[in-house]
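>
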Amino acid sequence: MEQNVRITTHLVVPASELRFRFSRSGGAGGQHVNKVSTRVELLFDVQNSPSLTDQQKRRILARLGSRVGDDGYLTITSQESRSQWRNRELAIERFVSLIARALRVIPPRIATKVTKASRERRLRKKSLDSRKKKGRGSVEIE
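Okay, so the sequence shown: first residue is 775 according to this note's numbering, each after it adds one.
1) Measure the CB-CB distance between THR942 and ALA874 and report whether it falls below 8 Å.
2) Label MET775 either buried or exposed according to how many other C-beta atoms from any shown protein chain fall within 10 Å of its C-beta, with 16 as the threshold for buried.
3) Helix or strand or just coil, what does DSSP make of ASP844?
4) Cβ of VAL879 within 8 Å of Cβ of LEU848?
5) From which residue to which residue does the alpha helix (DSSP H) around VAL870 run?
6) Do you know how far the Cα of ILE866 is from the Cα of ARG795?
7) Quick check on this structure: which residue in ARG910, GLU791 and ARG813 has the alpha carbon closest to the alpha carbon of GLY801?
8) Between the region 835-844 and the region 879-892, do three or more beta carbon pairs fall short of 8 Å?
9) Check the DSSP bridge columns for ASP819 and list the partner residues they point to.
10) Can you tell which of VAL807, LEU872, LEU835 and LYS831 has the C-alpha that lies nearest to the C-alpha of LEU816?
11) On the DSSP bridge list, what partners appear for LEU792?
12) With respect to the alpha helix (DSSP H) encompassing VAL807, which residues constitute its N-terminal and C-terminal limits?
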């Protein structure tokens, strides 16, 4: 049942590093919701994970810092489904996408030059607007 979780082609987190907590889910559902613990909390200790390099840990903490609690655990909650198994799958999917997005390196933006045509368009529009506004002024009658 326990499987490794593939984040990227080069990063795999062993299932043993993921902790799960189960509790009763809120909302409608009648007797079922009051009896069954279907809400799933996935906990992942970012700082003490041997699967991640120091650079990856820093990047995750920088990008997902608000989701990491004081105890150092990244917490992901799922309670969409009536099934504990399905909520567990949804939490793992959300974990994979969050970590993959946090580890993605954003290429630096290369500044481009404003084109001559766009500069001329801007100046032409400015002069038209200026003439339009001058025409709104008061007219002197002799």
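Even for Gly, the Cβ is constructed at its ideal location relative to N, Cα and C.
For this structure:
1) A question about residue 942 goes unanswered here, because the residues of the chain that appear run from 775 up to 916.
2) Only weak support exists for where MET775 lies, its pLDDT of 47 falling under 50; the coordinates are left without a value.
3) coil
4) no
5) 858-877
6) 13 Å
7) ARG813
8) no
9) TYR847
10) LEU872
11) PHE818
12) 805-809
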